[in-house]
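Protein chains: 4
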Amino acid sequence: MIRAAIIGASGYTGGELARILSLHPEVELSVATSRNYAGKKMSQVYPHLTGIADIVCEDAPMAELTRRADIFFTAVPHQTAMAIVPELLEAGCKVIDLSADFRIDDPLVYEAWYQAHTAREYLAEAVYGLPEINRHNIAGARLVANPGCYPTSVILPLAPLLKNGLIDPDTIIADSKSGTSGAGRGAQVGTLFCEVTDGFRAYKVGEHRHTPEIEQELAKLAGRQLTISFTPHLVPMSRGILSTIYAKLTRDVDQQELSDLLMSFYQDEKFVRICRPGQFPATQYVRGSNYCDIGCKVDTRTGRVVLVSVIDNLVKGAAGQAVQNMNVVCGFAESLGLATVPLFP
Amino acid sequence: MIRAAIIGASGYTGGELARILSLHPEVELSVATSRNYAGKKMSQVYPHLTGIADIVCEDAPMAELTRRADIFFTAVPHQTAMAIVPELLEAGCKVIDLSADFRIDDPLVYEAWYQAHTAREYLAEAVYGLPEINRHNIAGARLVANPGCYPTSVILPLAPLLKNGLIDPDTIIADSKSGTSGAGRGAQVGTLFCEVTDGFRAYKVGEHRHTPEIEQELAKLAGRQLTISFTPHLVPMSRGILSTIYAKLTRDVDQQELSDLLMSFYQDEKFVRICRPGQFPATQYVRGSNYCDIGCKVDTRTGRVVLVSVIDNLVKGAAGQAVQNMNVVCGFAESLGLATVPLFP
Amino acid sequence: MIRAAIIGASGYTGGELARILSLHPEVELSVATSRNYAGKKMSQVYPHLTGIADIVCEDAPMAELTRRADIFFTAVPHQTAMAIVPELLEAGCKVIDLSADFRIDDPLVYEAWYQAHTAREYLAEAVYGLPEINRHNIAGARLVANPGCYPTSVILPLAPLLKNGLIDPDTIIADSKSGTSGAGRGAQVGTLFCEVTDGFRAYKVGEHRHTPEIEQELAKLAGRQLTISFTPHLVPMSRGILSTIYAKLTRDVDQQELSDLLMSFYQDEKFVRICRPGQFPATQYVRGSNYCDIGCKVDTRTGRVVLVSVIDNLVKGAAGQAVQNMNVVCGFAESLGLATVPLFP
Amino acid sequence: MIRAAIIGASGYTGGELARILSLHPEVELSVATSRNYAGKKMSQVYPHLTGIADIVCEDAPMAELTRRADIFFTAVPHQTAMAIVPELLEAGCKVIDLSADFRIDDPLVYEAWYQAHTAREYLAEAVYGLPEINRHNIAGARLVANPGCYPTSVILPLAPLLKNGLIDPDTIIADSKSGTSGAGRGAQVGTLFCEVTDGFRAYKVGEHRHTPEIEQELAKLAGRQLTISFTPHLVPMSRGILSTIYAKLTRDVDQQELSDLLMSFYQDEKFVRICRPGQFPATQYVRGSNYCDIGCKVDTRTGRVVLVSVIDNLVKGAAGQAVQNMNVVCGFAESLGLATVPLFP
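Residue numbers (my numbering), protein chains in the order written: chain A, 1 to 345; chain B, 346 to 690; chain C, 691 to 1035; chain D, 1036 to 1380.
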């Protein structure tokens, strides 16, 4: 039994971590922090957790908390994470960081898209926590940079194709659509029910901060630099990301060959499900689960491949993947505590 | 390990039974039937169950199926259930019937609201499967009549008050609101997305078939006959029922006394959560779980009590309660396999 | 051509007033105020109004604005309204006040439910602006108190029954359900998309401030004091209110008689549509329009009547009714500029 | 005053035509046909039209109907349209066909994507009814092929760029997202509320029948043949289409230059609104209106342009554009009867 801490427990990712950890047989949630809700139970912040996670949120100094947990999930905004992660590591704790602060290898790239980086010396040891691609590096890590939700949905479907040289890296376009929980639980007009429901919009066109993260990881898979077009959109639903990805094929591939490639690439993965030819995934079929479902289409008319992937942004795109990383870091079975069945309808 | 059959696996309740049973450590799903989807895997009917419930649906005669399962969940429409349940019982199988066919004690009442009853001789032994109220009778039963979704949401909050004579049985009004999954997966114009979304309506005003079921069970609790006003409504959401219930208090009661009564009445129940005074439940906080959450308000201005209860209509209102009943019937821990955490947001 | 001002143009009601007034042939929108958006065009606050209402919002003193408009729609919160309405009236302007400040005749009642009233001397001349009930008083008024959204939906269906003594005034229960736009455009966690969607809740049970307003107007119709039980609920939709109303009948009434009574009572009304026996209204059928649709059911089993009414809370429940009142005040045809057709789906 | 007929009045497009025509000062709706609802009033098929369109639906032979209307809106499925349009034309009626049957110039292309064409002789005279691009040809037409919803959303934003040679025609990718009303009012499991809500999916990836229509019209604008990648998606909302369109720029263009080009290209158009640089449209801002709103982004990192367009699929994507075409055909002001303001929220 290990003791886990959630730093930033009142956000949607924090609440989801509490939900998932409550089902984990080898973890006890020993610390939950929140500035706004200090002194309140998690079940007051999130009434669905009544009787399940009744731990009281606190706003104590990290120095004290490090004695009360073995592993820390930092579910805080970028810039906040880099201010606390070093102290956690130096105290001997493991950290799964759900912010963007340790995902970008090159601090200059980070600073071009975010702001100044004040913990550069930890970047080298931070491991990008996409277990299906990077499992062997995660195992021994003390600092795991949990991937962004959009990047998870874009990298997993492209990995087999890039590794096999099937697509031209300069032609990748990722058109992604996200549920509204990705925008967080902060009070803002833009995510009010009436602003979002029965509507659809693009946002941060060509400017979203997940772009360099995706490019960095795709470049590793392709073996060379690349740039992509990435457009996020807001869907009137709570959970889920669907990414539609386009790229030029480098040679003739038929549908069965492509489907087979994806299936064999991911055949041992518990959390990746490949659709049969002609089938495509939908976000409602992964809701509440750690799955990434992937479909593909060879379009011979245009010489392009179209990939469609879906995840639950709060699970495989955040809290679930974080627990998956924790399992790898701690030597547990990788799917331990993550065997939830998608909730449909 | 017992073997379970789902008769009518392609409806929403059938899919939900498959989801819940896949998480149950003492049950193997050995049979799933569907007329329309015979020959197809459950995961083709419900893609979210891919890798979780890949059993093939069939349309075999009951006589054959009785050899391949120990307990049958009949998730079929009323009238269909009464045609197959006798055969299952006579073959020595246990039955949890999710239809209305065995819920009404008096066949004349049943026939006044439904149609002719062709299995009257089994009514006497059928046990109304609301474990919190009727657990001791369920334990030895071979035929459990799983309650309707609306009745579950109305009976549980009223039970403590009726048993304690706190309200006038002739003044009960239940105004209930249900998510759209209650209307089933059949193709019909009335439940198309565009007909339901961003809208709200009442239906079957004063005529819904759950009325006599509610009245029957409330009468047992009150110790005398009664009639209620019951109005169901359709909410643009998938899952969830909220019932707002009004009744005249028979004497002065203060808020704390009422809250305490509800809390003590249900203090040992795993699946009933009573809100603190001033708090009220919401359907999104029980989504995907077997909970019934209840809040109450003493309105001294009018001398009435207002009760607000919520359930997930597919879980506590159908499949979850059916598995709870199975646990009681089979002597398992009552919450076995039902420890799912509500999914929010 | 008259000049109209919207005070508080950035709220949902303000935006809706701008939409409706843009279609009115006898009105020019000459002033729009907003503290938060001063200096911005209405079309920046509400992009749907681009090319339709490009007036610039301002935050000027009332004293200046009174020279630039003939009639003022005060779409501000209660307490704010009472601080500005006197000045507008004294400058000779007409006022349609959409707040609660001038709806309650008795300042003691107002103060029991709201807070201190600082413009008591204007209460006597304020006219309750429900034209179907009170048209003759509105015609000459300089201050119209535009009804609350819930009260509009409750008073209209009950008026014919109370006027004819068909129901016992002490038995009225109004169970109302509102779309989320009723909560306004302010940034708050409780009305975020993820908090509201796929969920349903009651709120302010037995404590909502529209209660005394409803009771006051029903008492006038009944000819005696009464109290009601009123419970509002939040529906995952933008627009619309549905009220389900219960009361004991004072004598035997059959369905046709009741339907006929409603139809004849409202036969000359352009904005009230009575459903045929057996039919009930739905909010999506009045979306975007000034209609109030009403259905009724005589429940002989319980001796109660059930009334179901629907309105668009932003139109008949706010901005549309305000323009209807303006038409009466200014002597225009009452439906001028309000002939919009409901938008479905 | 002209007399208009709606053939296929019970679909969502038929209902929307009735709504829009009811607001048109120069048109009387004289005929509405429906097989399934013959003998019923439009207001029974669509209760929101009660008191607005109470015409009775009929199922009479075309030969009789041609005497009772001057212009016919054929809102029927492809293949059905080609069976009736010739008779209408030969009887001297004007036809606005909302099906796909007369949109494709080349019958071989039509037959490759649809089925055999049985009215080929009318293809030459059919005019593609996108007024902003093709107004001069529509004016004298007796048969207008009303564009598909997706094509309208893709062609309008691309037209200025293709006409000016700013993009490489071989690099166009259109990723489109549609509300569920586009799937029609037929009863089918796939568009039930529970299947669609809180979910997102792609469909007909690389195979949608609007592809050749888009390619045909873009080719005319580009002055040469081209193929595009087109992927439609289903959004959990009723109305609206958003298309995100990618293409390689043929030369350096800056953001202001591109925005200016779009603004000047559409400066005289009443139904096209171009967003300022940095702004992007949303479907909720055109809901219920005939607008097409367009935003654009020059992405210098990738050398691509990203265009984002939105329409209401039932208005500018169907019934509204059809009435706009009728106005052009009949010599009315092009925006007559179409001055509805978008409904938000």
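Every residue gets a Cβ at the ideal spot worked out from N, C-alpha and C, and that includes glycine.
Interface partners of residue i on chain C, CB under 7 angstroms
| i | result |
| --- | --- |
| Ile1087 of chain D | Val1031 |
| Ser264 of chain A | Near Ser264 of chain A there are no residues of chain C at all, since even the closest Cβ is about 37 angstroms away, more than 7 angstroms. |
Residue i: contacting residues in chain B (beta-carbon distance under 9 angstroms)
| i | result |
| --- | --- |
| Tyr1047 of chain D | Cys539 |
| Ser243 of chain A | Under the 9 angstroms cutoff, chain B gives no residues; its nearest Cβ is about 18 angstroms from Ser243 of chain A. |
Span separating the alpha-carbon of residue i from that of residue j
| i | j | result |
| --- | --- | --- |
| Ala159 of chain A | Leu1261 of chain D | 30 angstroms |
| Thr13 of chain A | Glu822 of chain C | 51 angstroms |
| Arg1244 of chain D | Glu1250 of chain D | 11 angstroms |
| Thr244 of chain A | Gly396 of chain B | 24 angstroms |
| Gly1021 of chain C | Ile786 of chain C | 14 angstroms |
| Leu468 of chain B | Ile449 of chain B | 8 angstroms |
| Ala414 of chain B | Glu403 of chain B | 14 angstroms |
Nonlocal neighbours in the same chain, by C-beta distance under 6 angstroms from residue i, ignoring five residues either side
| i | result |
| --- | --- |
| Met1272 of chain D | Gly1214 |
| Ala471 of chain B | Phe447, Leu488, Ala490 |
| Val1240 of chain D | Thr1266 |
| Val310 of chain A | Leu242, Pro281, Thr283, Val286, Asp293 |
| Asn290 of chain A | Phe271, Val315, Lys316, Gly320, Leu338 |
| Met263 of chain A | Ile274 |
Segment limits, beta strand (DSSP E) that includes residue i
| i | result |
| --- | --- |
| Asp1334 of chain D | 1327-1334 |
| Ala937 of chain C | 931-938 |
| Phe883 of chain C | That residue, Phe883 of chain C, is in no beta strand (DSSP E); its alpha helix (DSSP H) goes 883-886. |
| Thr1036 of chain C | The structure shown has nothing for residue 1036 of chain C, since chain C only spans 691 to 1035. |
| Lys894 of chain C | Premise fails: Lys894 of chain C is in no beta strand (DSSP E) and is neither H nor E. |
| Leu488 of chain B | 488-490 |
Sequence-distant residues of its chain with Cβ nearer than 8 angstroms to residue i (five each side left out)
| i | result |
| --- | --- |
| Glu373 of chain B | Met346, Ile347, Arg348, Ala349 |
| Thr463 of chain B | Met427, Ala428 |
| Leu394 of chain B | Gly360, Ala363, Arg364, Ser367, Met387, Ser388 |
| Asn36 of chain A | Ser10 |
| Arg914 of chain C | Pro859 |
Partner residues on chain A for residue i, Cβ-Cβ distance less than 7 angstroms
| i | result |
| --- | --- |
| Asp888 of chain C | Ser238 |
Partner residues on chain C for residue i, Cβ-Cβ distance less than 8 angstroms
| i | result |
| --- | --- |
| Ser574 of chain B | Tyr936, Asp989, Thr992, Arg994, Val996 |
Close beta carbons around residue i, own chain, < 7 angstroms, minus the five adjacent residues each side
| i | result |
| --- | --- |
| Pro77 of chain A | Ser99 |
| Leu707 of chain C | Ile696, Phe763, Ala765, Ala1009, Ala1012 |
| Gly199 of chain A | Pro236 |
Enclosing alpha helix (DSSP H) for residue i [first to last residue]
| i | result |
| --- | --- |
| Ser843 of chain C | 839-853 |
| Pro236 of chain A | Looking at the DSSP string, Pro236 of chain A is not in any alpha helix (DSSP H), and its letter there is neither H nor E. |
| Tyr110 of chain A | 107-113 |
| Ile904 of chain C | 900-912 |
| Val1120 of chain D | 1115-1125 |
| Ile483 of chain B | 476-483 |
| Ala408 of chain B | 407-410 |
Chain A contact residues for residue i, given Cβ-Cβ distances below 9 angstroms
| i | result |
| --- | --- |
| Gln878 of chain C | Ala187, Leu192 |
| Thr870 of chain C | Leu192, Phe193, Cys194, Thr197 |
Where residue i meets chain D, residues with beta-carbon distance less than 8 angstroms
| i | result |
| --- | --- |
| Arg273 of chain A | Residues of chain D passing the Cβ test: none, with the nearest at roughly 15 angstroms. |
Residue i beta carbon near the ligand FMN (any heavy atom closer than 8 angstroms)
| i | result |
| --- | --- |
| Gln1359 of chain D | Inclusion of the ligand FMN in the displayed structure is not the case, the ligand content being empty and no account of it being possible. |
Proximal residues of chain B, C-beta to C-beta of residue i below 7 angstroms
| i | result |
| --- | --- |
| Ile863 of chain C | Ile518, Tyr591 |
Residues that residue i contacts on chain A, provided the C-beta gap is smaller than 8 angstroms
| i | result |
| --- | --- |
| Ala1317 of chain D | Gly199, Phe200, Arg201 |
Chain-ordered chain B contacts of residue i [CB-CB under 8 angstroms]
| i | result |
| --- | --- |
| Ser22 of chain A | Val686 |
(request) Report the residue ranges of all alpha helix (DSSP H) runs contained in full by the region 352-386 of chain B; include only those spanning at least 4 residues, in chain order. (result) 357-366
(request) Please specify which runs of the alpha helix (DSSP H), each continuous and at least 4 residues long, are wholly inside the region 259-344 of chain A, giving them in chain order. (result) Here the runs fully enclosed are 320-330.
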